[in-house]
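K.L.:
First the structure, then my questions, so here it is.
Residue numbers (full-length UniProt numbering): 1 to 398.
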């Protein structure tokens, strides 16, 4: 999923894979199975994983030479190659349809029916490596053996290896598997939760998501979580949008340092308006009314977020699940919030309208929140401090 996404290297429990030679000679349904006793050996798992990596060596080497090993196109080629060999595989960002999803779907059914079963899923990450999940279930309990493989000096190398019983296992109606590893109270490391999309998603919807929605997403802004339109911008926070849209427009952070809070800057009106108006067709007069515009200096008073309004990490990732072309040429996109941290594949839904422009440019037109019966709202979002709160924290403490 984007930013703050740690490349977790993972193994599966009980079903080893026997490499290219075995994959060519055995039925696809058996490629993923190994004897339970052999599964007890990390060395055996690692050896199997290294054989699997050899299946796509040619793709890896060419991509490495062309310096595009982490491109989506290369990951698609790797996943397709593994699919041809009978393996079940998907990418870590859930941007590519899983190949051979039948094994994963059957395993999920077995968990629900408390039947005995096993499955192996390969999750392709960066630099040609993968996380391998060997899963085994009995009486509704899921055992996980996970390991990782990466390339080192031109050779596949499998090193990481661990096993655990899933503390929580979920398979949602949207087609996501969520696996939670238990951590003791007080643990402050990365969340032990994995999200794997099993069901396919239309390729055109994925492309729309990457083009229009993912560049802003849910991180440090409320574009997708509040009702707004050109006639009423509602609670849309234009300072959040300035920061995020600046990165979108220039590929860099705003040129104003932020620390623990209390900093103030005067941003020239042309600079801020040019950024916002590239992506939202708001009139300058109205934009100034909805921000802290200083008429005398023709600047916007800008206060970066500080320790009192910093956002919590691990916000959801957006996923476009439907698109409707409007009569005026705009696109209405249905966007779901996939929140890995909370094991929710639809934590929030909205309808975002965008207007495609020439040369790949676009503008956001409106957003409407779609009420969901089981949603707790966008609780991951922290609003910026109000004027009163900011003054109390940073000016009345002297």
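Ideal Cβ placement from N, Cα and C applies to all residues, glycine included.
1. Return helix, strand or coil for residue 158, following the three-state DSSP convention.
2. Considering only the beta carbon of each residue, do residue 229 and residue 156 sit closer than 9 Å?
3. At a cut of 8 Å, does the stretch 357-367 reach the stretch 217-228 through at least three beta carbon pairs?
4. Since residue 160 and residue 147 are thought to touch, with beta carbons under 8 Å apart, how far apart are those beta carbons, to the nearest angstrom?
5. With a floor of 3 residues, list each beta strand (DSSP E) that falls wholly inside the stretch 180-211, ordered by position along the chain.
6. Look at residue 194 and residue 346 and say whether their C-beta atoms are less than 9 Å apart.
7. Are there 16 or more other CB atoms within 10 angstroms of the CB of residue 125, so buried, or fewer, so exposed?
8. What's the C-alpha gap between residue 349 and residue 315?
9. Taking 8 Å as the cut-off, does the CB of residue 142 come closer than this to any heavy atom belonging to the ligand FMN?
10. Sorted by chain position, which residues of the same chain lie with C-beta nearer than 8 Å to residue 47's C-beta, five sequence neighbours on each side aside?
11. Residue 364 lies in the alpha helix (DSSP H); which residues open and close that run?
12. Given this structure, state the Cα-to-Cα distance separating residue 380 from residue 236, to the nearest angstrom.
13. One question on the structure: do residue 199 and residue 101 come within less than 9 Å of each other, judged by their Cβ atoms?
14. Among the residues of its own chain, which have a CB less than 6 Å from the CB of residue 300, if the five just before and after it don't count?
15. Buried or exposed for residue 340, please, with buried defined as at least 16 other CB atoms from any protein chain shown within 10 angstroms of its CB.
16. Secondary structure at residue 228, three-state DSSP: helix, strand or coil?
17. Quick one: residues in its chain with C-beta nearer than 8 Å to the C-beta of residue 357, no 5 flanking neighbours on either side, listed in chain order?
18. Can you check whether the CB of residue 117 is closer than 9 Å to the CB of residue 137?
19. If you draw a straight line from the C-alpha of residue 190 to the C-alpha of residue 285, how long is it?
20. Along the chain, where does the alpha helix (DSSP H) that runs through residue 57 open and close?
21. So, with DSSP's three-state summary, where would you put residue 21?
22. Over the uninterrupted alpha helix (DSSP H) stretch that includes residue 423, give me the two end residues.
23. Can you tell me whether residue 184 is buried or exposed, with buried defined as 16 or more other CB within 10 angstroms of its CB?
24. Flag this pair as yes or no: are the beta carbons of residue 209 and residue 287 separated by less than 9 Å?
25. Counting Cβ pairs, one atom from each stretch, are 3 or more of them under 8 Å apart for the stretch 51-68 and the stretch 107-117?
26. Under 7 Å Cβ to Cβ from residue 403, same chain only, skipping five residues before and after it: list those, please.
27. So, are the CB atoms of residue 344 and residue 206 less than 9 Å apart?
28. According to DSSP, is residue 336 helix, strand or coil?
29. Considering Cα atoms alone, identify which of 104, 376, 150, 99 is closest to residue 81.
30. Can you name the start and end residues of the alpha helix (DSSP H) that residue 346 belongs to?
31. Within this structure, are the beta carbons of residue 355 and residue 329 separated by less than 9 Å?
32. What residues match up with residue 169 in a beta bridge as DSSP calls it?
33. Please report the residue range of the beta strand (DSSP E) in which residue 242 lies.
34. Inspect the beta-carbon positions of residue 84 and residue 90 and report whether they are closer than 9 Å.
35. With distance defined between alpha-carbon atoms, name the residue in 187, 197, 186 nearest to residue 179.
P.N.:
Inspection of the coordinates gives the following:
1. Position 158 of the chain shown, counting from 1, holds the residue named residue 158. Note: residue 158 maps to strand in three-state DSSP.
2. Stepping through the chain shown from its first residue, residue 229 is reached at position 229. Stepping through the chain shown from its first residue, residue 156 is reached at position 156. Contact flag unset, no.
3. When Cβ pairs closer than 8 Å are counted between the two stretches, the stretch 357-367 is seen to touch the stretch 217-228, the count reaching three or more.
4. Position 160 of the chain shown, counting from 1, holds the residue named residue 160. Position 147 of the chain shown, counting from 1, holds the residue named residue 147. About 6 Å separates the Cβ atoms of residue 160 and residue 147, confirming a contact at the 8 Å cut-off.
5. Correct list: 193-197.
6. For this step, residue 194 is matched to residue 194 along the chain shown. For this step, residue 346 is matched to residue 346 along the chain shown. Between residue 194 and residue 346, the C-beta gap is not smaller than 9 Å, which leaves the two residues out of contact.
7. Taking the first residue of the chain shown as 1, we reach residue 125 at position 125. When all chains shown are included, residue 125 counts as buried.
8. Counting from one through the chain shown, the residue named residue 349 turns up at place 349. Counting from one through the chain shown, the residue named residue 315 turns up at place 315. Using only the alpha carbons, I get a separation of about 14 Å.
9. Of ligands this structure carries none, so the ligand FMN is not represented either.
10. Here residue 47 corresponds to residue number 47 of the chain shown, with the count starting at 1. Excluding sequence neighbours, residue 47 sits near 158.
11. For the purposes of this step, residue 364 is taken as residue 364 along the chain shown, with counting starting at 1. Under the DSSP assignment, residue 364 falls outside any alpha helix (DSSP H), being part of the beta strand (DSSP E) whose first and last residues are 362-370.
12. As a first step, residue 380 is located in the chain shown; it is residue number 380 there, counting from the start. As a first step, residue 236 is located in the chain shown; it is residue number 236 there, counting from the start. Rounded to whole angstroms, residue 380 to residue 236 spans 16 Å at the Cα level.
13. Within the chain shown, residue 199 is the residue found at index 199, counting from 1. Within the chain shown, residue 101 is the residue found at index 101, counting from 1. With contacts defined as CB atoms closer than 9 Å, residue 199 and residue 101 qualify as a contacting pair.
14. Within the chain shown, the letter at position 300 stands for residue 300. So the list reads 267, 272, 291, 293, once near-sequence residues are dropped.
15. Your numbering for residue 340 matches position 340 in the chain shown. Residue burial is scored here from C-beta neighbours: residue 340 has at least 16 other C-beta atoms within 10 angstroms and is therefore classed as buried.
16. Along the chain shown, read from residue 1 onward, the residue named residue 228 stands at position 228. Here residue 228 sits in strand by DSSP.
17. Here residue 357 corresponds to residue number 357 of the chain shown, with the count starting at 1. Spatial neighbours of residue 357 in its own chain (CB-CB distance under 8 Å, excluding positions within 5 residues in sequence) are listed in chain order as 363.
18. For the purposes of this step, residue 137 is taken as residue 137 along the chain shown, with counting starting at 1. For the purposes of this step, residue 117 is taken as residue 117 along the chain shown, with counting starting at 1. Yes, the pair counts as a contact, with Cβ atoms nearer than the cut-off.
19. For this step, residue 190 is matched to residue 190 along the chain shown. For this step, residue 285 is matched to residue 285 along the chain shown. Counting only the Cα atoms, residue 285 lies some 44 Å from residue 190.
20. Within the chain shown, residue 57 is the residue found at index 57, counting from 1. If you look at residue 57, you'll find it in the alpha helix (DSSP H) that goes 57-65.
21. Taking the first residue of the chain shown as 1, we reach residue 21 at position 21. In this prediction, residue 21 scores a pLDDT of 35, lower than 50, which makes its location untrustworthy; the coordinate-derived value is nonetheless stated afterwards. If DSSP states are grouped into helix, strand and coil, residue 21 belongs with the helices.
22. Because the chain spans 1 through 398 in this model, residue 423 falls outside it and cannot be assessed.
23. Your numbering for residue 184 matches position 184 in the chain shown. It is exposed - the Cβ of residue 184 has fewer than 16 other Cβ atoms within 10 Å.
24. Within the chain shown, numbered from 1, the residue matching residue 209 stands at position 209. Within the chain shown, numbered from 1, the residue matching residue 287 stands at position 287. Cβ distance not < 9 Å, so residue 209 and residue 287 don't count as in contact.
25. Cβ pair count under 8 Å is below three, so no.
26. Since the first residue shown for the chain is 1 and the last is 398, residue 403 is missing from the structure and cannot be characterised.
27. The residue you call residue 344 lines up with position 344 of the chain shown. The residue you call residue 206 lines up with position 206 of the chain shown. At the C-beta level, residue 344 and residue 206 stay beyond 9 Å of one another.
28. For this step, residue 336 is matched to residue 336 along the chain shown. Correct three-state label for residue 336: strand.
29. Here the question's residue 81 lines up with position 81 in the chain shown. Across the set 104, 376, 150, 99, the C-alpha of 99 shows the shortest separation from the C-alpha of residue 81.
30. On the chain shown, residue 346 is found 346 positions in, with the first residue counted as 1. Segment: none, residue 346 is in no alpha helix (DSSP H) and carries neither H nor E.
31. Translated into the one-based positions of the chain shown, residue 355 becomes position 355. Translated into the one-based positions of the chain shown, residue 329 becomes position 329. Cβ distance < 9 Å, so residue 355 and residue 329 count as in contact.
32. Stepping through the chain shown from its first residue, residue 169 is reached at position 169. Looking at the DSSP assignment, residue 169 forms a beta bridge with 179.
33. By one-based count along the chain shown, residue 242 stands at place 242. Counting along the chain, residue 242 falls outside any beta strand (DSSP E), though it belongs to the alpha helix (DSSP H) covering 238-250.
34. In the chain shown, residue 84 corresponds to position 84, counting from 1. In the chain shown, residue 90 corresponds to position 90, counting from 1. No, the Cβ-Cβ distance between residue 84 and residue 90 is not below 9 Å.
35. Mapped onto the chain shown, residue 179 falls at position 179. Nearest of 187, 197, 186 to residue 179, Cα basis: 197.
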